[in-house]
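Novice:
Numbering (UniProt numbering), first residue to last: 1 to 291.
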């Protein structure tokens, strides 16, 4: 449900949107999430558009959210941009587009490539109507050999067409793996290398080589109840980052599940705090490293 809200007075400013997203799972748990920007809800949303990046093959769809000098909480960074790498639910998930809009409010031009050619994972994998969906089969179709060229084309577009000097990669879940890969020169043969800093929220499927191979600063927002990045895996992640010697930050958010930085249950205080905290962690990290 999306409606403009009405300002109570001529002096009041009002958000151009508020989204109330209600998701009812088959296990009878109803999750009601009020998705508003982590910043003040009095801000108008930035301009957002879809673009088609012609590559061979196939064309890549981009969601681009542009900061507005009037509606951003910070002065737009003219030569900096965020490359937002989504979870498996892709651009069809409203929360992923809202994240891009929130980064734009923080002053960053934000570019989100469609990593799944218009066919992401269904928003509710557990729904009986999606019984034929197979996560292993889906991941087998979207390996680095398939995903790296999409990200590489997007990075080239950001630098050459948008004339951006510095790129900050923000990856979530599936995209968290690739946030590490874009600051790893070992991937330069695929053209994917090229970001200046990275942030990954509840990253999944990370390999030791991808962690140890970074050459730029990286920050991680982890969930303490993440079955895809367990306590032992978090410890190994920190060990490898410490041994590598690059600047890093790892924050673990208590009482949060995998995916909290995108699809938090806003009726649970720890998840609401975690989602907003992870967002502010990313913005603060990018500001610190890039500025």
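C-beta atoms are modelled at their ideal positions from N, C-alpha and C, and glycine is treated no differently. Bear in mind that the values here come from a model prediction, so they are computed numbers and not experimental data.
With H, G and I counted as helix, E and B as strand and the rest as coil, what does DSSP make of residue 198?
Specialist: On the chain shown, residue 198 is found 198 positions in, with the first residue counted as 1. Residue 198 falls in the strand class under three-state DSSP.
Novice: Return the first residue and the last residue of the alpha helix (DSSP H) that residue 241 is part of.
Specialist: By 1-based counting over the chain shown, the position of residue 241 is 241. Where residue 241 is concerned, the enclosing alpha helix (DSSP H) stretches over 231–244.
Novice: What residue from 228, 224 and 149 has the CA that sits closest to residue 174's CA?
Specialist: Here residue 174 corresponds to residue number 174 of the chain shown, with the count starting at 1. Here the closest residue by C-alpha is 228.
Novice: Is it true that the CB of residue 213 sits closer than 8 angstroms to the CB of residue 195?
Specialist: For the purposes of this step, residue 195 is taken as residue 195 along the chain shown, with counting starting at 1. For the purposes of this step, residue 213 is taken as residue 213 along the chain shown, with counting starting at 1. In this structure, residue 213 does not lie closer than 8 angstroms to residue 195 by Cβ.
Novice: Taking three-plus beta-carbon pairs below 8 angstroms as touching, is the segment 81–101 in contact with the segment 116–128?
Specialist: The segment 81–101 is in contact with the segment 116–128.
Novice: For residue 205, which of helix, strand or coil comes out of DSSP?
Specialist: On the chain shown, residue 205 is found 205 positions in, with the first residue counted as 1. Note: residue 205 maps to coil in three-state DSSP.
Novice: Starting from residue 158 and walking both ways along the alpha helix (DSSP H), at which residues does that stretch end?
Specialist: Within the chain shown, the letter at position 158 stands for residue 158. From DSSP, residue 158 is part of no alpha helix (DSSP H); its letter is neither H nor E.
Novice: When we look at the beta-carbon of residue 220 and count the other beta-carbons within 10 Å, is it buried (16 or more) or exposed?
Specialist: Counted from its first residue, the chain shown places residue 220 at position 220. Burial call: buried.
Novice: Under a three-way DSSP split, which group does residue 90 fall into?
Specialist: The count along the chain shown starts at 1 and reaches residue 90 at position 90. The answer is helix: DSSP assigns residue 90 an H, G or I state.
Novice: For a quick check, are the C-beta atoms of residue 294 and residue 182 less than 8 angstroms apart?
Specialist: A question about residue 294 goes unanswered here, because the residues of the chain that appear run from 1 up to 291.
Novice: With distances taken between CB atoms, is the gap from residue 262 to residue 106 smaller than 8 angstroms?
Specialist: Stepping through the chain shown from its first residue, residue 262 is reached at position 262. Stepping through the chain shown from its first residue, residue 106 is reached at position 106. Their beta carbons are not under 8 angstroms apart, which means residue 262 does not touch residue 106 by this criterion.
Novice: Considering only their Cβ atoms, is the gap separating residue 86 from residue 111 smaller than 8 angstroms?
Specialist: For the purposes of this step, residue 111 is taken as residue 111 along the chain shown, with counting starting at 1. For the purposes of this step, residue 86 is taken as residue 86 along the chain shown, with counting starting at 1. Going by C-beta atoms, residue 111 is not nearer than 8 angstroms to residue 86.
Novice: Below 8 angstroms, can you find three or more Cβ-Cβ pairs linking the segment 200–211 to the segment 163–177?
Specialist: yes
Novice: Applying the 10 Å Cβ sphere with the 16-neighbour rule, what's the burial state of residue 289?
Specialist: Taking the chain shown and counting its residues from 1, the one referred to as residue 289 is at position 289. Classification of residue 289: buried, given that the 10 Å Cβ count is 16 or more.
Novice: Quick one: measure Cβ to Cβ for residue 223 and residue 260, integer angstroms, because I've assumed they're closer than 8 angstroms.
Specialist: The residue you call residue 223 lines up with position 223 of the chain shown. The residue you call residue 260 lines up with position 260 of the chain shown. Going by Cβ atoms, the distance from residue 223 to residue 260 rounds to 5 angstroms, so yes, they are a contact pair.
Novice: Whose CA, out of 217, 235 and 254, lies closest to the CA of residue 247?
Specialist: In the chain shown, residue 247 corresponds to position 247, counting from 1. Comparing Cα-Cα distances from residue 247 to each of 217, 235 and 254, the minimum goes to 217.
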